[in-house]
Amino acid sequence: MSNLTATISFLNALSLVQTNISIYGYSVILVVGNIGSILNVLVLTRRQYLQNSCSCYILASTVTNLIILDVVVLFRLLTGFDIDPTRTSGFFCKFRTYIVQMTTALSRIYIVLACIDRWAMTSTVVRRRSFTNRKVPKILIPIVAIVCGLSFIHIPFYYDIIRSRCTTTSNSYSKFYNIFNTILSGVTIPIPMIIFSILTVRNVKRLQHRVDNNTLLTERIIPNNIVNKRHHDYQLFYMIFIQQCVYIITTLPFVSYLLYITITMYSEKSAVQTSIDNLYMTVVFTFVHVNFAATFYIYVLISHTFRKDLKRSLLRGRLITWISGNQQNRITVASVPLEINLPPRT
Numbered sequence: 019m020s021n022l023t024a025t026i027s028f029l030n031a032l033s034l035v036q037t038n039i040s041i042y043g044y045s046v047i048l049v050v051g052n053i054g055s056i057l058n059v060l061v062l063t064r065r066q067y068l069q070n071s072c073s074c075y076i077l078a079s080t081v082t083n084l085i086i087l088d089v090v091v092l093f094r095l096l097t098g099f100d101i102d103p104t105r106t107s108g109f110f111c112k113f114r115t116y117i118v119q120m121t122t123a124l125s126r127i128y129i130v131l132a133c134i135d136r137w138a139m140t141s142t143v144v145r146r147r148s149f150t151n152r153k154v155p156k157i158l159i160p161i162v163a164i165v166c167g168l169s170f171i172h173i174p175f176y177y178d179i180i181r182s183r184c185t186t187t188s189n190s191y192s193k194f195y196n197i198f199n200t201i202l203s204g205v206t207i208p209i210p211m212i213i214f215s216i217l218t219v220r221n222v223k224r225l226q227h228r229v230d231n232n233t234l235l236t237e238r239i240i241p242n243n244i245v246n247k248r249h250h251d252y253q254l255f256y257m258i259f260i261q262q263c264v265y266i267i268t269t270l271p272f273v274s275y276l277l278y279i280t281i282t283m284y285s286e287k288s289a290v291q292t293s294i295d296n297l298y299m300t301v302v303f304t305f306v307h308v309n310f311a312a313t314f315y316i317y318v319l320i321s322h323t324f325r326k327d328l329k330r331s332l333l334r335g336r337l338i339t340w341i342s343g344n345q346q347n348r349i350t351v352a353s354v355p356l357e358i359n360l361p362p363r364t
């Protein structure tokens with residue numbers, strides 16, 4: 019009897035920890051992530067950034083992150099309050115699962131494109147540098163979104179409510195789904211990130227060596243605006259590089275969880291083991307969503323240029339508000355009729 023009581027107490031404790039992580043963890047991610055993503059959009063929509071192909075990919079990833087935060091994270095936050103429409107509505111079950119997979123993959127693919135863009139930008143081959151043309155992201159961003167959306171179109175057909183749970187309708191698809199996610203999150207996305215980052219670092223070292231050998235010539239011939247543009251391009255690379263490192267760190271536990279679930283899919287588990295698995299899943303998913311909320315703060319910490327542009331954007335917004343407020347006050351004052359009280363005639 020005492021063992022049963024201890025087991026029940028342990029299960030209740032695990033459930034309480036899981037609920038607290040869902041409530042407090044996702045609340046912080048939702049608020050902090052939205053603030054950061056909005057500030058990201060504020061900076062990245064400046065003319066200087068819109069003229070840069072790499073910034074366009076980062077902007078597309080940021081907008082996708084906003085969707086993840088306000089749809090995916092919000093759904094997970096509501097589960098902490100025992101509000102889960104995916105348990106009662108088949109549409110929400112299919113919709114949430116589809117949006118989760120499509121948007122998380124799309125955001126990461128845009129960062130992969132940004133990595134490729136930085137590699138092309140630092141290349142000495144003219145044909146490769148043509149990839150950094152401003153017209154390229156205008157074509158690739160919508161195409162990638164469409165292809166990514168079609169790649170996950172199978173999800174709504176194999177997800178439904180079973181025993182008050184939104185889950186797969188067959189074990190075979192569940193196995194395929196876990197393997198598919200493992201390959202996508204652990205191989206298909208991080209490996210190109212790592213490869214193109216290494217190639218970019220190699221290109222940057224070569225360019226720096228070439229510049230060091232021609233320092234005097236560079237100072238005489240290359241205008242300051244071109245030097246500033248190169249500095250801005252390198253800053254973007256460092257921002258993306260650190261973001262990749264954060265992605266890999268926060269994704270490794272998720273990949274290990276998927277492998278564990280796939281291997282133990284047909285194993286019988288006790289109630290304690292199931293509760294531990296659920297807690298681990300909550301922690302892992304929280305780590306994954308931290309990646310989508312942390313991009314702005316990574317950029318602010320890494321890039322001096324980004325911090326300066328953020329200050330300018332905020333200052334410009336304050337000035338516009340202040341000027342418009344003063345103009346409104348002037349209009350109001352000017353529109354007030356003057357009343358002159360003449361003394362009465364005697």
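Once you know that position 104 of the sequence shown is 122 in this note's numbering, the rest is easy, because the numbers rise by one and skip nothing.
No residue lacks a Cβ here, since even glycine has one placed at the ideal position from N, Cα and C.
* Within the segment 77 to 115, ranges of the beta strand (DSSP E) (whole runs, at least 3 residues) -> Taking only runs of at least 3 residues, no beta strand (DSSP E) segment lies wholly in the segment 77 to 115.
* Distance, Cα to Cα, T122 vs I164? -> Position 104 of the sequence shown, counting from 1, holds the residue named residue 122. Position 146 of the sequence shown, counting from 1, holds the residue named residue 164. If I take the Cα positions, the gap works out to 14 Å.
* Asked: Is it the case that the Cβ atoms of S71 and P160 are separated by a distance below 7 Å?
  -> Residue 71 sits at position 53 when you count from the first residue of the sequence shown. Residue 160 sits at position 142 when you count from the first residue of the sequence shown. It is not a contact, given that the beta carbons lie outside the stated cut-off.
* Alpha carbon of K112 to alpha carbon of Q119, nearest angstrom -> Taking the sequence shown and counting its residues from 1, the one referred to as residue 112 is at position 94. Taking the sequence shown and counting its residues from 1, the one referred to as residue 119 is at position 101. Going from the Cα of K112 to the Cα of Q119 covers about 11 Å.
* Give the range of the beta strand (DSSP E) segment to which I179 is assigned. => Residue mapping note: residue 179 aligns to position 161 of the sequence shown, counting from 1. Run containing I179: 177 to 180, per the beta strand (DSSP E) assignment.
* Asked: In whole angstroms, what is the alpha-carbon distance linking S73 and V301?
  -> On the sequence shown, residue 73 is found 55 positions in, with the first residue counted as 1. On the sequence shown, residue 301 is found 283 positions in, with the first residue counted as 1. Each residue's Cα considered, the two are about 31 Å apart.
* Asked: Say the cut is 6 Å; is the CB of I173 nearer than that to a heavy atom of the ligand MN?
  -> The ligand MN is not among the ligands present in this structure, which contains no ligands whatsoever.
* In chain order, what residues of the same chain have a beta carbon less than 7 Å from the beta carbon of V290, not counting five sequence neighbours either side? -> Residue mapping note: residue 290 aligns to position 272 of the sequence shown, counting from 1. The answer, listed in chain order, is T25, F28, L29.
* Asked: Residues bridged to C184 by DSSP?
  -> Mapped onto the sequence shown, residue 184 falls at position 166. Note: C184 sits in a beta bridge opposite I179.
* To do: Could you have a look at V308 and say whether DSSP puts it in helix, strand or coil?
  => Within the sequence shown, numbered from 1, the residue matching residue 308 stands at position 290. Look at V308 here: in three-state DSSP terms it is helix.
* Give every residue of the same chain whose Cβ lies closer than 8 Å to the Cβ of L12, excluding the five residues on either side of it in the sequence, and list them in chain order. => Outside the displayed span of the chain (19 to 364) sits residue 12, for which this structure offers no information.
* To do: Determine the extent of the alpha helix (DSSP H) in which T313 is found, giving its start and end residues.
  => As a working mapping, residue 313 is identified with position 295 in the sequence shown. It spans 313 to 320 - the alpha helix (DSSP H) in which T313 sits, taken as one unbroken run.
* Asked: Where does T350 fall in DSSP's three states?
  -> Residue numbering aside, residue 350 sits at position 332 when the sequence shown is read from its first letter. Since pLDDT at T350 reaches only 47, below the 50 mark, its modelled position is unreliable, and the value read off the structure follows with that caveat. If DSSP states are grouped into helix, strand and coil, T350 belongs with the helices.
* Excluding the five sequence neighbours on either side, which residues of its own chain have a C-beta within less than 6 Å of the C-beta of R114, listed in chain order? -> For this step, residue 114 is matched to residue 96 along the sequence shown. Apart from the 5 residues on each side of it in sequence, R114 sits with its Cβ closer than 6 Å to the Cβ of F93, T104 in its chain, given in chain order.
* What is the DSSP secondary structure of K287, counted as helix, strand or coil? -> By one-based count along the sequence shown, residue 287 stands at place 269. Coil at K287, not helix or strand.
* Does the distance from the C-beta atom of V81 to that of A311 stay below 7 Å? -> Along the sequence shown, read from residue 1 onward, the residue named residue 81 stands at position 63. Along the sequence shown, read from residue 1 onward, the residue named residue 311 stands at position 293. No, these two residues do not count as a Cβ contact at 7 Å.
* **Rounded separation between V90 and S192 - CA only** => Here residue 90 is taken as the residue at index 72 of the sequence shown, counted from 1. Here residue 192 is taken as the residue at index 174 of the sequence shown, counted from 1. Those two C-alpha atoms are separated by around 20 Å.
* **N-terminal and C-terminal residue of the alpha helix (DSSP H) that S17 is part of** => The question about residue 17 has no answer, for the chain in this structure spans 19 to 364.
* Asked: Under 7 Å between the Cβ atoms of T366 and R146?
  -> Residue 366 cannot be examined here, being either before or after the span of the chain that is shown, 19 to 364.
* Under the rule that 16 or more other beta-carbon atoms within 10 Å means buried, what is S79, buried or exposed? -> The count along the sequence shown starts at 1 and reaches residue 79 at position 61. Buried: at least 16 other Cβ atoms inside 10 Å.
* Any 3 or more C-beta pairs closer than 8 Å across the segment 205 to 214 and the segment 183 to 191 -> No, they do not touch.
* Asked: Quick one: is D327 buried, meaning 16 or more other Cβ sit within 10 Å of its Cβ, or exposed?
  -> Working through the sequence shown from its first residue, we reach residue 327 at position 309. Counting Cβ neighbours within 10 Å, D327 comes out buried, since at least 16 surround it.
* Taking C-alpha atoms, which residue in F198, F110, S148, K223 lies nearest to P174? -> Residue numbering aside, residue 174 sits at position 156 when the sequence shown is read from its first letter. When only C-alpha atoms are compared, the closest one is F110.
* If we call anything under 7 Å between Cβ atoms a contact, is N199 one with V264? -> As a working note, residue 199 is residue 181 in the sequence shown. As a working note, residue 264 is residue 246 in the sequence shown. No, they are not a contact pair.
* Asked: Are N52 and F314 closer than 7 Å when you measure CB to CB?
  -> Residue 52 sits at position 34 when you count from the first residue of the sequence shown. Residue 314 sits at position 296 when you count from the first residue of the sequence shown. No, these two residues do not count as a Cβ contact at 7 Å.
* Going straight from the alpha carbon of K329 to that of H322, what length do you get? -> Within the sequence shown, numbered from 1, the residue matching residue 329 stands at position 311. Within the sequence shown, numbered from 1, the residue matching residue 322 stands at position 304. Going from the Cα of K329 to the Cα of H322 covers about 11 Å.
* **Same chain, Cβ closer than 7 Å to S203, neighbours up to 5 away in sequence not counted** => Working through the sequence shown from its first residue, we reach residue 203 at position 185. Excluding sequence neighbours, S203 sits near T269, F272, V273.
* Distance, Cα to Cα, Y317 vs M299? -> Locating residue 317 in the sequence shown gives position 299, counting from the first residue. Locating residue 299 in the sequence shown gives position 281, counting from the first residue. Each residue's alpha carbon lies about 28 Å from the other.
* Asked: How is I171 classed by DSSP in three states: helix, strand or coil?
  -> Position 153 of the sequence shown, counting from 1, holds the residue named residue 171. In the structure shown, the three-state DSSP call for I171 is coil.
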